[in-house]
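Shown next, in structure tokens, is the structure this report addresses.
In UniProt numbering, the protein residues as written are 1 to 220.
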């Protein structure tokens with residue numbers, strides 16, 4: 001006769017094979033036999049999230065949190081599920097709880113920062129990307145997104161510095177050149193903007209924004 005852990009393990013195996021319905025059925029059986037195992041709820045919630053059944057995922061993460069209230073990752077995962085269904089305030093509340101429990105996890109800050117950007121809370125977004133970069137300074141996307149935020153705040157020199165850092169880490173990234181060009185253009189540094197748009201197009205001949213902006217500058 002199978003015990004709860006056997007069903008749990010079978011569920012994990014099905015999940016690895018992308019047999020998600022079978023995985024859920026096995027997690028259900030595991031939970032029936034042992035309703036107090038945090039791992040079972042978390043695993044089922046994870047599969048529900050893969051299946052885009054976000055409300056069900058949130059319910060399972062809630063059950064995991066009830067059993068293990070000091071696990072920062074459960075709040076983080078719950079926040080991600082809320083974000084997927086457009087409930088940004090609820091997502092932020094859960095990211096806040098995750099950060100309160102674990103203040104040095106870079107993924108918590110960049111994820112919360114990105115949702116603040118979506119909410120147009122640019123100062124809060126900037127603070128989170130500052131912290132993310134302080135914790136881990138070698139991620140191109142952190143500088144790139146902080147550059148976007150600085151442009152929204154009208155901090156064009158700071159944005160250019162961010163794109164400089166991003167380009168140093170990834171010199172073949174057309175998006176970085178294109179967006180640095182936008183920052184230069186907003187500062188009235190048109191030749192620098194043209195140079196960056198040309199470089200972006202050289203790296204990606206389908207970079208529409210660079211192509212359109214370059215045409216406007218040449219016609220100006």
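For each residue, glycine too, the CB sits at the ideal point set by N, CA and C.
Test item: CB-CB of residue i and residue j under 8 Å
i           : j           : result
residue 85  : residue 75  : no
residue 224 : residue 203 : Outside the shown range of the chain, which is 1 to 220, sits residue 224, and nothing can be said about it.
residue 50  : residue 88  : no
residue 140 : residue 166 : yes
residue 129 : residue 142 : yes
residue 47  : residue 15  : yes
residue 77  : residue 45  : yes
residue 187 : residue 144 : no
residue 101 : residue 70  : yes
residue 26  : residue 7   : yes
Other residues of its chain near residue i: CB distance less than 7 Å, five sequence neighbours each side excluded
i          : result
residue 90 : 82
Alpha carbon of residue i to alpha carbon of residue j, nearest angstrom
i           : j           : result
residue 149 : residue 60  : 34 Å
residue 56  : residue 211 : 45 Å
residue 161 : residue 168 : 11 Å
residue 182 : residue 201 : 14 Å
residue 158 : residue 93  : 29 Å
residue 173 : residue 215 : 21 Å
residue 5   : residue 180 : 53 Å
residue 103 : residue 152 : 27 Å
residue 22  : residue 11  : 7 Å
Neighbourhood of residue i by C-beta, 8 Å cutoff - its chain only, sequence neighbours within 5 removed
i           : result
residue 217 : 185, 190, 193, 194, 197
residue 138 : 169
residue 20  : 14, 47, 50, 51
residue 36  : 67
6 Å CB neighbourhood of residue i in its chain, flanking five on each side removed
i           : result
residue 213 : 197
Within-8 Å CB hit, residue i to chain C
i           : result
residue 182 : Considering every chain present, this structure includes no chain C. It has just one protein chain.
field: Minimum length 4: unbroken alpha helix (DSSP H) runs contained in the UniProt repeat "TPR" (106–139)
entry: The alpha helix (DSSP H) runs of length 4 or more contained entirely in the UniProt repeat "TPR" (106–139) are, from start to end of the chain, 106–118, 122–135.
query: What are the uninterrupted segments assigned as alpha helix (DSSP H) that are 4 or more residues long and contained completely in the stretch 13–63, given in chain order?
result: If we require 4 residues or more, the alpha helix (DSSP H) runs fully inside the stretch 13–63 come out as 20–33, 38–50.
task: Give, in chain order, every unbroken run of the alpha helix (DSSP H) that is at least 4 residues long and sits entirely within the stretch 133–211.
output: Those alpha helix (DSSP H) runs which fall completely within the stretch 133–211 and span 4+ residues are 140–152, 156–169, 174–186, 190–203.
query: What are the start and end residues of each continuous alpha helix (DSSP H) run of 4 or more residues lying completely inside the UniProt repeat "TPR" (72–105), in chain order?
result: The alpha helix (DSSP H) runs lying completely inside the UniProt repeat "TPR" (72–105) and spanning 4 residues or more are 72–84, 88–101, given in chain order.
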